[in-house]
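Top to bottom, those sequences are chains A and B.
Start counting the first sequence at 44; every next residue gets the next number (my numbering).
Start counting the second sequence at -11; every next residue gets the next number (my numbering).
Every residue gets a Cβ at the ideal spot worked out from N, C-alpha and C, and that includes glycine.
Below: the structure, in structure tokens.
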Amino acid sequence: MADERPYAKFGVLVIDDSPVVRAMVSRMLDQLGFGRVQAEADGSAALTYLETADPAPNLIVCDIGMKPMDGMKFVEALRALPALHLARLPVIFLTATATDELVRRARELNANGYIVKPVTPEVLALRVERALA
Amino acid sequence: MLGSALARAMGIADTSGLVEEDVPAETGPMRDVDLDVLRKLYGAQRGEMAEVIEMFLDNAARQIATIDERMRAGDASHAQDVAHALKGASHSVGAHALGEAASKLELELRTGGAKPGSAETLRVKLEAARPVLMRATEGQ
Chain A
44 MADERPYAKF
54 GVLVIDDSPV
64 VRAMVSRMLD
74 QLGFGRVQAE
84 ADGSAALTYL
94 ETADPAPNLI
104 VCDIGMKPMD
114 GMKFVEALRA
124 LPALHLARLP
134 VIFLTATATD
144 ELVRRARELN
154 ANGYIVKPVT
164 PEVLALRVER
174 ALA
Chain B
-11 MLGSALARAM
-1 GIADTSGLVE
9 EDVPAETGPM
19 RDVDLDVLRK
29 LYGAQRGEMA
39 EVIEMFLDNA
49 ARQIATIDER
59 MRAGDASHAQ
69 DVAHALKGAS
79 HSVGAHALGE
89 AASKLELELR
99 TGGAKPGSAE
109 TLRVKLEAAR
119 PVLMRATEGQ
């Protein structure tokens, strides 16, 4: 019998340096029905994952304040990748800070959402739906 | 639009509805510890909830120790980064009083207004949240 969950064939990559946030956001996305949920701790680890991810994720949920590579630098690098199916992936920023400068940068990087922590399952579901529409 | 309301409140020009924050339907003071999100996520699966809560409590204690140590060493930048991380994790599990204290300290560290011993406030908030979070794993 076919899986009728809307995101059953979709994969999502969660990037956050907090293991607590990674676990909770991964759980939310799992409950939304994503078939594959991968979590990485910073931008450089995420880029390494994307090099070999097959199939590639369909969506990225990304923190901003991380080391060694923060979320803004990660999305900059992502958008510059020669593989267009990766470069054009929808990105939702999930961060504890929203300043004019960060929101402006997020917009310049064609982010599909900017959620201020703490996130609830309802808000994440709304943004995921919009990002994948 | 929710995002636009937040953007206006924060002074952000959000013409495209990019920013989103969960705004409680009921207004009122934020609870020191709010278990709603944890309960929604884990329901009756207490074991998995306990793992996340234990991970949070262990990490938070280490983060507070690091903040204290870095402040004593005069490394406000590193202490600020750790306070920021503590803020995000605390609010995520619903430990809002600790998250607010971390947020206040993060701002003080950024503006040079942090006082020696500020980490003690974080310890007090963490120890106040601990029994509430632990009871949640027992289904109370």
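When secondary structure is reduced to three states using DSSP, residue 120/A falls in the helix class. Burial is judged here by how many other beta carbons sit within 10 angstroms of a residue's own beta carbon; residue 138/A has at least 16 and is buried.
In terms of Cβ geometry, residue 158/A and residue 166/A form a close pair [threshold 8 Å]. Residues of chain B with a Cβ closer than 7 Å to the Cβ of residue 114/A do not exist; the shortest Cβ-Cβ separation is about 12 Å. Residue 55/A is bridged by DSSP to 80/A and 102/A. By the C-beta density criterion, residue 102/B is buried, having at least 16 other C-beta atoms within 10 angstroms. Within the stretch 46 to 123 of chain B, the runs of alpha helix (DSSP H) that reach at least 4 residues and sit entirely inside it are, in chain order, 64 to 81 and 84 to 99. Taking 8 Å as the upper bound for CB-CB distance, residue 44/B and residue 63/A are in contact here, some 5 Å apart. Taking a beta-carbon distance threshold of 8 Å, residue 133/A does not count as an interface residue toward chain B.
Interface criterion met: the Cβ of residue 80/B is under 8 Å from a Cβ in chain A. When Cβ pairs closer than 8 Å are counted between the two stretches, the stretch 56 to 63 of chain B is seen not to touch the stretch 120 to 127 of chain A, the count staying below three.
Counting only residues of its own chain and dropping the five nearest sequence neighbours on each side, residue 96/B has a CB closer than 6 Å to the CB of 102.
In this structure, DSSP gives residue 50/A a state outside helix and strand, which the three-state scheme calls coil.
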